[in-house]
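The next block holds one structure in the form of structure tokens; read it before the comments.
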Amino acid sequence: MKRGLVRWDRSELPPEELDARIAAAHALAHERDVDAVVVYSDVWRSNDARYLSNYMPYWNRAFVVAPRGEKPILLCALSPRVYPWIRTVTVHETIVASPNPAASLLKLCAERGWSRIGSVDLDGLPVDLHSTLTAGNVELLDFPRNELRPAPTDVEVRMHARAAAMARKALDEELPAARNRMTDHELTGRLELRLRSAGAEDVVVLVSNGEGPPAPARGAAVGPSTSVVVAVEHNGHWAKVARNAAGATADRSTHTGVTELRELLSGPCSWEVLDDTTKPAVVARLFEIDAGGRRLHFGETCLQGSEGLRVL
Amino acid sequence: MAALNVERKKQFLELMSQRGWDALLFYGDTWRKDHFRCLVNVCFHGPQAAALLTREGEIRAVVTHPWDLEPVQAAIGGPVTYARELTRGLTGMLRDMRSAVVAVNGLEQMEARFAQAVEAAAGAAPVSATANVEEIRRVKTPEEIEWIRRAADLADRGYEHFVRVARPGMTEFELVAEVEGFLKAHGAEDNFMLVASGGTEVTAMKPPTDRKLQVGDSVITELTPQVNGYYAQICRTLVLGKPSEKQLRSYAIFAEAQQAAQDLLRPGVDIADVARVQNDVFRRHGFGEYTGPQYTRVRGHNLGLYPDEFPHVLENVHYTCRKDMVIICHPNTYLPLAGYMVFGDTLLVTETGCVSLNRTEKRLFQA
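Each protein sequence line maps, in turn, to chains A and B. Start counting the first sequence at 49; every next residue gets the next number (the working numbering). Start counting the second sequence at 74; every next residue gets the next number (the working numbering).
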């Protein structure tokens, strides 16, 4: 759960960047002749809303609503007592307390006289919100995600790269020190402390002892076959990096049994497995290396495009 | 505890029989893994996982990340499929369920396209099993209570660490990092934690900011470590330096309210009354208006595989408490005396009353 530092650092995410994204949403609304564009957000599926308004929930559900020509409105199930804080880290000036965000959205449509709205990934909405909205008397259009968020912008890529650098540095320094001296719980604790102290918004650490896939720590000793996968969220932008205590990389000239897994990091939620290896996206490129029967893991965060991959 | 919750499986099969459901699907996503883990207690990587329990007692599963294949397979001992897209995985898993009545635990949280896939496979829209399954989950098994005890012990040790490291000049997020690091190093799988610091301007807890702690601050937190899937919680308030008269007076009200809840909680009690006795303490002290939604959320809630389970402890929620429920009672709210303050323990309902699973002293802490 997200409990790290949630902030809006305007030096890395300039207000003009958010203005441009909102303007693109307005243009989309105009082009598709809808009154507003709606984006869903919850604790895990938070990336699209974050993209549009920098809203990052620590809990609960919300809709970010971008009416044509207006700043986005937040329909939020969190308590109004935290709205002053939300205003400091987002573009939102108008926040509507919405225990049921779908009901609030229909009410907003009625108040504004809206008859058509576009929902980003309509069928990706949770069933209860989807059924409330589809039962209302507003025409709902599905907007594919890539219409709102095409290729990652330079600003996004830099923030993913910052997260990747944090993860890499932490792993490169902590894993060798832990080998033969710590349990995987202790190593996980050290990584959490280090990354959250550096301002990480969220951290997920998985460990493999060389026998199975990476999983949450189980109290095993960190040994020569240990691999650690660290996912770090820096201001809404994830990176994932994997290292192993044996120092193995994905170099196919030294290891023949290397399999690759690619995860989408710039999608609506992180670590969806990705088959499309040309789509512009920030991805985690994760390798499993067969090292004499031991399963070692190595991985980097990369920018993927039609011209290939670039390690961030 | 084995990763497959055998006792729950029996209860779910009985539920299916009572309701006339042919199959019960447990759907979890990365936010609400509990809907899946109440049957198959594997902390899947995600983004989704689903397990199907048939009337015959067979379990099959689909996972959407290849790293989840082996642990889920080991847990259920039955067929597990990896499908990058859950829609495709559900269609395959339900291929022999044409005309079956399929109920879904976690239906409300499920993406609409997944529910549509279930409907297409079964020939009818799935029904929600969420409330029925939650009702079963509310009363914990002995093994579940043991895990919650361990989580409560970790919450206590985590709070001890919180008090040890908190100091003026430290930012809120540095304090949280210290506690997170400690909890993970001592075996927590996850932790839900909110925090705030300051005085009467503090109206709520939230994620940590870069505010620096100051002498005289009330530093408030709820820590909720998770051990093997199960959460326990502790809420305490710490004052940096010597507490003011108002902080002491405020704390005394919170302590009295929490004790009133603990004294009342037992099998047969309406949860609304557990809220009422807490609120009555505030009313008696002339602060009744601060028990409403403008200033506070709930006076507690159930705990288990999710850190904020129903029933919520509220005066307008009626639910008869039962033995082996685990409930945090926390009269957390804003008071004009010293701002938002928190105080609460994880309580296990016993045959005759309740016991606190926390051992942290009940006092206003100082550092």
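Note that the Cβ used here is the ideal one computed from N, Cα and C, for glycine as well.
(request) Reducing DSSP to helix, strand and coil, say where residue 51 of chain A ends up. (result) coil
(request) Could you work out which residues of chain B lie near residue 180 of chain A, taking near to mean beta carbons separated by less than 8 Å? (result) Here the premise fails: no neighbours, minimum Cβ distance about 11 Å.
(request) Quickly, what does DSSP pair residue 353 of chain A with across the bridge? List them, please. (result) According to DSSP, residue 353 of chain A bridges with A:356.
(message) Taking CB distances under 9 Å as the criterion, tell me whether residue 206 of chain A reaches chain B.
(response) no
(message) In this structure, how does DSSP classify residue 446 of chain B when only helix, strand and coil are distinguished?
(response) Past the boundaries of the shown model lies residue 446 of chain B; chain B is included only from 74 to 440, so the question cannot be answered.
(request) Please report the Cβ distance between residue 126 of chain B and residue 82 of chain B, rounded to the nearest whole angstrom; I am assuming they are in contact, meaning their Cβ atoms lie under 8 Å. (result) 7 Å
(message) On the criterion of 16 or more Cβ atoms from any shown chain inside 10 Å, does residue 274 of chain B qualify as buried, or is it exposed?
(response) Exposed, since its Cβ has fewer than 16 Cβ neighbours within 10 Å.
(message) Any heavy atom of the ligand SAM closer than 8 Å to the beta-carbon of residue 266 of chain A?
(response) The ligand SAM is not among the ligands present in this structure, which contains no ligands whatsoever.
(request) Kindly indicate if chain A contains any beta-carbon less than 9 Å away from that of residue 249 of chain B. (result) Using a CB distance cut-off of 9 Å, residue 249 of chain B counts as an interface residue toward chain A.
(request) Spell out the partners DSSP gives residue 317 of chain A in its beta bridges. (result) DSSP, once it has assigned bridges, lists no residue as partnering residue 317 of chain A.
(message) List, from N- to C-terminal side, the alpha helix (DSSP H) runs of 4 residues or more that fit wholly inside the region 227-313 of chain A.
(response) 232-245
(message) Which same chain residues end up closer than 6 Å to residue 426 of chain B when comparing Cβ atoms and leaving out the 5 residues on each side of it in sequence?
(response) 339
(message) Let me see if you follow: with CB-CB separation under 9 Å, is residue 53 of chain A close to chain B or not?
(response) yes
(request) Using a Cβ cut-off of 9 Å (strictly closer), state whether residue 124 of chain A contacts chain B. (result) no
(message) Can you give me the C-alpha to C-alpha distance between residue 90 of chain A and residue 301 of chain A, rounded to a whole angstrom?
(response) 44 Å
(request) Check whether the region 301-311 of chain A touches the region 332-348 of chain A, taking contact to mean three or more Cβ pairs, one atom from each stretch, closer than 8 Å. (result) As far as the Cβ criterion goes, the region 301-311 of chain A touches the region 332-348 of chain A, which means the pair count is three or higher.
(message) Please report the distance separating the alpha-carbon of residue 130 of chain B from that of residue 86 of chain B.
(response) 7 Å
(message) Give me the chain B residues within the contact set of residue 267 of chain A, using Cβ-Cβ distance strictly less than 8 Å, ordered along the chain.
(response) 260
(request) Can you tell me which of A:155, A:203, A:160 and A:159 puts its alpha carbon nearest to the alpha carbon of residue 181 of chain A? (result) A:155
(message) Against chain D, which members of the region 110-136 of chain B pass a CB distance test of less than 8 Å?
(response) Reference to chain D is not applicable here, since the protein chains of this structure are A and B.
(request) Under 8 Å Cβ to Cβ from residue 172 of chain A, same chain only, skipping five residues before and after it: list those, please. (result) 88, 93 and 316
(request) Tell me where the beta strand (DSSP E) around residue 178 of chain B begins and ends. (result) 175-178
(request) Identify whether residue 124 of chain A lies in helix, strand or coil by the three-state DSSP scheme. (result) strand
(request) Establish whether the CB of residue 285 of chain B and some CB of chain A are separated by less than 9 Å. (result) no
(message) Let me see if you follow: with CB-CB separation under 9 Å, is residue 247 of chain A close to chain B or not?
(response) yes
(message) If distances are taken between C-alpha atoms only, which option among B:420, B:415, B:246 and B:285 comes closest to residue 436 of chain B?
(response) B:415
(request) Out of B:227, B:205 and B:291, point me to the one whose CA is closest to residue 298 of chain B's CA. (result) B:227
(message) At the 9 Å Cβ level, is residue 289 of chain A part of the contact set with chain B, yes or no?
(response) No, because no Cβ of chain B sits closer than 9 Å to the Cβ of residue 289 of chain A.
(request) With distances taken Cα to Cα, identify the nearest neighbour of residue 349 of chain A among A:358, A:151 and A:341. (result) Nearest neighbour of residue 349 of chain A by Cα position, chosen from A:358, A:151 and A:341, turns out to be A:358.
(message) If you measure between the beta carbons of residue 149 of chain A and residue 111 of chain A, is that distance less than 9 Å?
(response) yes
(message) For a contact defined as C-beta to C-beta under 8 Å, what are the partners of residue 236 of chain A on chain B?
(response) 257 and 258
(message) Less than 8 Å between C-beta atoms, sequence neighbours within five positions excluded: which residues of the same chain meet that for residue 181 of chain B?
(response) 201 and 203
(request) Excluding the 5 residues preceding and the 5 following residue 15 of chain B in the sequence, name in chain order all residues of the same chain whose CB lies nearer than 8 Å to its CB. (result) Any answer about residue 15 of chain B is impossible in this case: the structure gives chain B only from 74 up to 440.
(request) Pull out every residue of the region 146-176 of chain B whose Cβ sits closer than 7 Å to any Cβ of chain A, in chain order. (result) Cβ contacts with chain A: 157.
(message) Can you check whether the C-beta of residue 56 of chain A is within less than 9 Å of a C-beta belonging to chain B?
(response) no
(request) Report yes or no: do three or more beta-carbon pairs, one from the region 326-334 of chain B and one from the region 251-264 of chain B, lie closer than 8 Å? (result) no
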